Amino acid sequence: MSSAPPGARARPAATHRLFFALMPDPATRERLAHAGEVLKASRLGARLRWVHPARYHATVHFLGNDTALRSELVDAAVAAAGTVRSAPFTWALDSVASFHGRQPPCVLRGAVMPVALQQLWHALGHALLLNGLGGHLECRFIPHVTLAYSQGAMLEPAAIEPIVWPVTDFALLHSVVGQGGYRTLGRWALEQE
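Take a look at the structure:
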């Protein structure tokens, strides 16, 4: 028996997201935010819905959406991450571009993907596979940082002053759609082998 008043609609279940990502250090976050401010000041700024700088990240592996945060999924993801050995690296973000979609994201990308970033993606993907999470793996990896979402129009790719990001770790993040912010469930240092 429902306790909702007659005629009331049930609230949709929350959507929980779980993913591995690179989180910028404060200095890099500031440089990313500055790039966003430059774009806001351009003629494009009015047509974009901006991401708060606290939410800047680069997804490495997305583990899906669910109506709840499942402990068995978190446990398997943590176990996988604990086995990954990968070197730290620097990543130069030197262009702004868009991806296709209902609200095309405005993203920062690098013309060159660091070999160590590709190796991290492969190593973490292999570890996820070995821990029963192979169904969540993507066959392509296009690393980027989303700054904003368009109200329909795609941005023409353009070069920007390079933002050099020293990447020293990766994190397992949880979010609830519409509630803003991320909760860090684990963080793993990248170390020279």
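Numbering-wise (my numbering), the sequence shown opens with residue 1 and increments by one.
Glycine is no exception: its CB is placed at the ideal position from the N, C-alpha and C atoms.
Please read all numbers here as calculations on a predicted model, not as lab measurements.
Runs of beta strand (DSSP E) lying entirely within the segment 36 to 122, each at least 3 residues, in chain order = The qualifying runs are 48 to 50, 58 to 66, 89 to 98, 105 to 109.
For Gly186, which of helix, strand or coil comes out of DSSP?
-> In the sequence shown, counting from the first residue as 1, residue 186 sits at position 186. Taken through DSSP and simplified to helix, strand or coil, Gly186 comes out as strand.
Where does Arg140 fall in DSSP's three states?
-> Numbered from 1 along the sequence shown, position 140 holds the residue referred to as residue 140. Three-state result, Arg140: coil.
Contact check, Thr184 vs Pro88, beta carbons under 8 Å | The sequence position of residue 184 within the sequence shown is 184, counting from 1. The sequence position of residue 88 within the sequence shown is 88, counting from 1. It is not a contact, given that the beta carbons lie outside the stated cut-off.
From Tyr149 to Pro162, what does the alpha carbon distance come to, in whole angstroms?
-> On the sequence shown, position 149 is the one that residue 149 refers to. On the sequence shown, position 162 is the one that residue 162 refers to. Those two C-alpha atoms are separated by around 21 Å.
For Arg47 versus Val177, is the C-beta spacing smaller than 8 Å?
-> The residue given as residue 47 occupies position 47 in the sequence shown. The residue given as residue 177 occupies position 177 in the sequence shown. By the CB criterion at 8 Å, Arg47 and Val177 fall outside the cutoff.
Keeping to the same chain, check which residues put their C-beta closer than 6 Å to that of His52; ignore five residues upstream and five downstream.
-> Translated into positions along the sequence shown, residue 52 becomes position 52. For His52, where only same-chain residues beyond five positions count, there are no Cβ hits under 6 Å.
Taking 8 Å as the cut-off, decide whether the C-beta atoms of Pro114 and Met154 are in contact.
-> Within the sequence shown, numbered from 1, the residue matching residue 114 stands at position 114. Within the sequence shown, numbered from 1, the residue matching residue 154 stands at position 154. Not a contact, by the Cβ cut-off of 8 Å.
Rounded C-alpha distance that separates Thr59 from Phe20 | As a working mapping, residue 59 is identified with position 59 in the sequence shown. As a working mapping, residue 20 is identified with position 20 in the sequence shown. Rounded to whole angstroms, Thr59 to Phe20 spans 6 Å at the Cα level.
State the Cα-Cα distance for the pair Ala80 and Gln151, rounded to the nearest angstrom.
-> As a working mapping, residue 80 is identified with position 80 in the sequence shown. As a working mapping, residue 151 is identified with position 151 in the sequence shown. Between the C-alpha atoms of Ala80 and Gln151 there is a straight-line separation of about 37 Å.
Whole-angstrom distance between Gly36 and His62, CA atom to CA atom = If you number the sequence shown from 1, residue 62 lands on position 62. If you number the sequence shown from 1, residue 36 lands on position 36. First, the residue type needs correcting, since residue 62 is Phe and not His in the sequence shown. Taking the straight line joining both Cα atoms gives about 24 Å.
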